[in-house]
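Student:
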Amino acid sequence: KERKTSVRTGQKMNKNSGKLGCCGWLLVFISIIFVIVTFPLTIFMCVKIVKEYERAVIFRLGRITDRKAKGPGLFLILPCTDNFVKVDLRTVSFDIPPQEILTKDSVTVSVDGVVYFRVYCPISAVANVTNAHSSTRLLAQTTLRNVLGTKNLAELLSDREGISLSMQEALDEATHPWGIKVERVEIKDVKLPQQLQRAMAAEAEASREARAKIIAAEGEMKASRALKEASLVMADSPSALQLRYLQTLNTIAAEKNSTIVFPLPIDIIQHFMHWKA
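Take the sequence shown: its position 181, counted from the start at 1, is 181 in UniProt numbering, and no numbers get skipped.
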């Protein structure tokens, strides 16, 4: 898709600016004669080299000559009529400076991010914009403000991936005529005001305390039900209560305490209570 777009853009430019006219061809012919006469001295002026990750956009008398850029490797230019511009095709990353943004729910936050982009059409990057890299940087700052201005604080803190995708689509659409492909946008940090941080911390602490109280109440309810069931079992079997006393005495003795507790059967106490009555 990118190659088709690049070729289509080049074809349009070639139709509009490929014709040099009579004077232009005359100057080109004179330049060729000059190269032939001064050969091989002018070979150093005609032969140019671009690296694997670079492309050269050639201008002949101010007009783009071919519908695609030259390179990588060797290519020839005419010394008097041609000049060229190198375009780097590698992925470029830059930091978006911290931006003071007012969210949808009227909260001021400071947000910064990082953008990764590359040039996929060298001709468009040279002919359609003055400085593709600088323009993309400025556009990324305004896009960050515009996108985050439509989000509330909860969405900003929880849906960073969705926000990054929205920014990438908006930037990619805006920089498409410049021959720029935005590959990735990431939100690095969201800085909140100190008062808001304290308020959110207090809210989170209160929420945790409320959940802890609910959990403790549920535990007490379950424990009371278990004790009720245990009391019903002991009521049916009085010897079970005596065994429980002995188990408690064994636990206390294992801790090497100086105090020893002797269990007293409930039946004896009940006998004295009936005798007093």
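Note that the Cβ used here is the ideal one computed from N, Cα and C, for glycine as well.
1) When the Cα atoms are used, what is the spatial distance from Pro79 to Thr108?
2) Express the C-alpha separation of Asp66 and Thr42 in angstroms, rounding to a whole number.
3) Tell whether a beta-carbon distance below 7 Å holds between Asp95 and Val119.
4) Tell me where the beta strand (DSSP E) around residue 291 begins and ends.
5) Quick check on Gln168: buried or exposed, where buried means 16 or more other Cβ atoms within 10 Å of its Cβ?
6) What residues in its chain sit with their C-beta under 7 Å from that of Lys4, if we drop five residues either side in the sequence?
7) In its own chain, which residues sit with a C-beta less than 6 Å from the C-beta of Gly24, not counting the 5 before and 5 after it?
8) Using the beta-carbon count (16 or more within 10 Å), is Gly179 buried or exposed?
9) Ignoring anything shorter than 4 residues, give me the alpha helix (DSSP H) runs that lie fully in the UniProt domain "Band 7" (45-204), in order along the chain.
10) Can you give the Cα-Cα distance for Ala216 and Asp189, rounded to whole angstroms?
11) Taking 7 Å as the threshold (C-beta atoms), are Asn152 and Asp105 in contact?
12) Report the option in Asp82, Lys48, Met200, Gln247 whose CA atom is closest to the CA atom of Ile64.
13) Roughly how many whole angstroms lie between the Cα atoms of Ser93 and Glu186?
14) Whole angstroms is fine: what's the gap from Pro98's alpha carbon to Asp88's?
15) Could you check what DSSP says for Phe39 in three-state terms: helix, strand or coil?
16) Within 10 angstroms of its Cβ, does Ala206 collect 16 or more other Cβ (buried), or is it exposed?
Tutor: Reading off the structure:
1) Sequence index remark: in the sequence shown, residue 79 carries index 79 (1-based). Sequence index remark: in the sequence shown, residue 108 carries index 108 (1-based). The straight-line gap from Cα to Cα measures roughly 57 Å.
2) Position 42 of the sequence shown, counting from 1, holds the residue named residue 42. Position 66 of the sequence shown, counting from 1, holds the residue named residue 66. Going from the Cα of Thr42 to the Cα of Asp66 covers about 23 Å.
3) Translated into the one-based positions of the sequence shown, residue 95 becomes position 95. Translated into the one-based positions of the sequence shown, residue 119 becomes position 119. For Asp95 and Val119, no; Cβs fall outside 7 Å.
4) Beyond the ends of the chain as shown, which are 1 and 277, falls residue 291; an answer cannot be given.
5) As a working note, residue 168 is residue 168 in the sequence shown. Buried, since its Cβ has 16 or more Cβ neighbours within 10 Å.
6) By 1-based counting over the sequence shown, the position of residue 4 is 4. With a pLDDT of 49 at Lys4, under the threshold of 50, the modelled position of this residue cannot be trusted, and the question is left open.
7) Along the sequence shown, one-based indexing puts residue 24 at 24. The residues are Leu61.
8) As a position in the sequence shown, residue 179 is number 179, starting the count at 1. It is buried - the Cβ of Gly179 has at least 16 other Cβ atoms within 10 Å.
9) 122-127, 132-148, 153-158, 160-175
10) Numbered from 1 along the sequence shown, position 216 holds the residue referred to as residue 216. Numbered from 1 along the sequence shown, position 189 holds the residue referred to as residue 189. Looking at the two C-alpha atoms, the distance is approximately 37 Å.
11) To locate residue 105, count along the sequence shown from 1; it is residue 105. To locate residue 152, count along the sequence shown from 1; it is residue 152. It is a contact, given that the beta carbons lie within the stated cut-off.
12) Taking the first residue of the sequence shown as 1, we reach residue 64 at position 64. Out of Asp82, Lys48, Met200, Gln247, Asp82 has the C-alpha closest to the C-alpha of Ile64.
13) Here residue 93 is taken as the residue at index 93 of the sequence shown, counted from 1. Here residue 186 is taken as the residue at index 186 of the sequence shown, counted from 1. Each residue's Cα considered, the two are about 11 Å apart.
14) Here residue 98 is taken as the residue at index 98 of the sequence shown, counted from 1. Here residue 88 is taken as the residue at index 88 of the sequence shown, counted from 1. Using only the alpha carbons, I get a separation of about 27 Å.
15) As a first step, residue 39 must be located in the sequence shown, where it is residue number 39. Coil at Phe39, not helix or strand.
16) Along the sequence shown, read from residue 1 onward, the residue named residue 206 stands at position 206. With fewer than 16 other Cβ atoms within 10 Å, it is exposed.
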